[in-house]
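>
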Amino acid sequence: MKRYVENPLAEWQSGINSRHELLGDPDGYRQSLVDFAMLAYQRHQVDSSELSEMLELTDAARLWALIEYEEAYEIGLFIYDEFPSDKGPVLLKVG
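Numbering-wise (the UniProt record's numbering), the sequence shown opens with residue 1 and increments by one.
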């Protein structure tokens, strides 16, 4: 997080429901959510048990995104380039 966050709890609550962002970068977005959760704890917006729940939900959201991504690949929504690429899969079709 590079910008000042006025209300990290609200940012986390909004972010946990952002499926598009989770699917786009599950690991990176998970880290953003962890950062918001930790900042909310540091600012006493949540207690330790609430922080624990937030971190569990964050990990569950990441796993959901990874499973969705894998299922999309298995049903043929993505193909891989014949050449090694750091860009990941190429979108073939949607729907």
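From the three backbone atoms N, C-alpha and C, an ideal C-beta is built for every residue, glycine too.
Computed from a predicted structure; not experimentally measured.
Measuring only the C-alpha atoms, how far is LEU55 from GLN31?
As a first step, residue 55 is located in the sequence shown; it is residue number 55 there, counting from the start. As a first step, residue 31 is located in the sequence shown; it is residue number 31 there, counting from the start. Those two C-alpha atoms are separated by around 10 Å.
> Nearest to PRO8 by alpha carbon, out of LEU23, TYR41, PRO26, LEU22?
Along the sequence shown, one-based indexing puts residue 8 at 8. Per the Cα distances, TYR41.
> How is the alpha helix (DSSP H) around ASP59 delimited, first residue to last?
Within the sequence shown, residue 59 is the residue found at index 59, counting from 1. ASP59 -> alpha helix (DSSP H) spans 48 to 74.
> Can you check which of these residues, LEU33, ASP27, GLU6, is closest to ILE16 by C-alpha distance?
Sequence index remark: in the sequence shown, residue 16 carries index 16 (1-based). When only C-alpha atoms are compared, the closest one is LEU33.
> Just to confirm, are ALA61 and LEU51 a CB contact at a threshold of 7 Å?
Here residue 61 is taken as the residue at index 61 of the sequence shown, counted from 1. Here residue 51 is taken as the residue at index 51 of the sequence shown, counted from 1. No, Cβ-Cβ distance for ALA61 and LEU51 is not below 7 Å.
> In chain order, what residues of the same chain have a beta carbon less than 6 Å from the beta carbon of TYR29, not counting five sequence neighbours either side?
Counted from its first residue, the sequence shown places residue 29 at position 29. The answer, listed in chain order, is GLU21, LEU22.
> Comparing alpha-carbon positions, which option in TRP12, GLU11, SER18, GLU6 lies nearest ALA65?
Within the sequence shown, residue 65 is the residue found at index 65, counting from 1. Of the listed residues, the one whose Cα sits closest to ALA65 is SER18.
> What does a CB cutoff of less than 8 Å around GLN13 pick up in its chain, not counting 5 residues either side in sequence?
Stepping through the sequence shown from its first residue, residue 13 is reached at position 13. Answer for GLN13: no residue qualifies.
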